[in-house]
Amino acid sequence: MKKFLLFLFLLSPIITLLNASEQLIVVISNDFDTSTAPLKRFEKQNDRFVQVGNTISVNLGRNGLGWGIGKYSIEHNQNDPLKHEGDGKAPAGIFTLGSAFGYTADIQSRMPYLQATADLICIDDSHSPYYNQLKKIGSHIEVNSFEWMRRSDKLYEIGINVHHNSSGVISRGSCIFLHVEKAPGSATAGCTSMRYDHLKSLIEWLDPKSEPLLVQIPVSYCTKIEKQFPGICPKKLSSSKLSYQ
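Under this note's numbering, residue 435 is the last one in the sequence shown; the count climbs by one each step, no gaps.
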């Protein structure tokens, strides 16, 4: 009995987090190797999640998915791939969201907003104390590797920071965003990308008061989270072909 009570005590923060969320961004891929997937938005209605808006297509890492480090761990096979720095995989798991960001001084969004100015960087040097953090280049910091948030292209024109590996575990991946796609079907280095208009609509829909989460998993793991998020799984589950009928 004591062990059971201890388990419930340790689990309670996770249950609270999941129960509090009323908005979900759900990306369910066919398998760990797939680089494209459908994205759906859900809102909680009467203890069940109901889709709002249209299903859209998004691009994942060029090497598919690997388990990331989010707020909630899904029990998984020990042979499944893990997300590591530079592996070309997008993180699988359940993640909270950080600030929206973009090139302009402000955007239409209820989320906290960070302008991607010319001196803003994201640090992917896994041995830096600032690993996986957004910093100003003039902040008197020394890093061996980083990426500019104000790019010469449109990829970061708008975006959302995904809270993967927030504690900065060495080499487990950094600088994960929802951002604008390079082209339809163009895989990423590890982020999740989509059309500009789709991302803009997504950002405008998000409400921090609803404690939104990103759920990004292979379809084979959908049944493991169906109890926590009733209504989000496809009616027909298949590891070879995804159906949203």
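Backbone N, C-alpha and C fix where the C-beta goes; we use that ideal spot for every residue, glycine too.
query	result
Paired residues, beta bridge with isoleucine 284 - DSSP	Tyr262, Val405
Three or more C-beta pairs below 8 Å linking the segment 218-229 and the segment 340-360	no
Nearest residue (CA-CA) to isoleucine 403, options Thr286, Lys414, Asn253, Asp387	For the sequence presented, residue 403 should be read as leucine rather than isoleucine. Closest option to leucine 403, Cα to Cα, is Thr286.
Rounded separation between glycine 254 and threonine 382 - CA only	10 Å
As assigned by DSSP and simplified to three states, the class of lysine 423	Here the sequence assigns cysteine to residue 423, which means lysine is not the residue at that position. If DSSP states are grouped into helix, strand and coil, cysteine 423 belongs with coil.
Member of Val333, Asn249, Tyr346 whose CA lies at the smallest distance from the CA of aspartate 315	Val333
As assigned by DSSP and simplified to three states, the class of isoleucine 393	helix
Any non-hydrogen atom of the ligand ZN closer than 8 Å to glycine 260 Cβ	No copy of the ligand ZN appears in this structure; indeed no ligand is present at all.
Inter-residue spacing [alpha-carbon to alpha-carbon] between histidine 274 and lysine 417	29 Å
Beta-carbon proximity of alanine 379 to glycine 251, cut-off 9 Å	yes
Segment contact flag, the segment 388-405 with the segment 360-371, C-beta cutoff 8 Å, min 3 pairs	yes
Glycine 276 versus serine 335: straight-line alpha-carbon distance, rounded	12 Å
Simplified DSSP assignment, three categories, for histidine 369	strand
Candidates Ile259, Val240, Gln213: closest to proline 424 by CA position	Val240
Enclosing beta strand (DSSP E) for cysteine 312 [first to last residue]	310-313
Separation of proline 319 from serine 361, as counted between CA atoms	12 Å
Cβ distance (whole Å) where leucine 396 is taken to contact methionine 301 below 8 Å	5 Å
With 16 other Cβ atoms within 10 Å as the buried cut-off, status of proline 281	buried
Through-space distance from arginine 238 to leucine 345, alpha-carbon basis	34 Å
Rounded C-alpha distance that separates leucine 304 from glutamate 337	16 Å
CB of valine 377 within 9 Å of CB of glycine 278, strictly	In the sequence as displayed, the identity of residue 377 is alanine instead of valine. Yes.
Euclidean distance between Cα positions of alanine 294 and valine 242	It should be pointed out that residue 294 corresponds to threonine in this sequence rather than to alanine. The straight-line gap from Cα to Cα measures roughly 28 Å.
Burial state of glutamine 235 (16 or more Cβ within 10 Å)	exposed
Cβ pair phenylalanine 232, glycine 358 closer than 9 Å	no
Distance CB(serine 219)-CB(proline 408) smaller than 9 Å	yes
Neighbourhood of phenylalanine 199 by C-beta distance below 8 Å, restricted to the same chain and skipping five residues each side	Note that phenylalanine 199 scores 42 on pLDDT, short of 50, meaning its location in the model is unreliable; the coordinates nonetheless yield the value given after this. No residues qualify anywhere along the chain.
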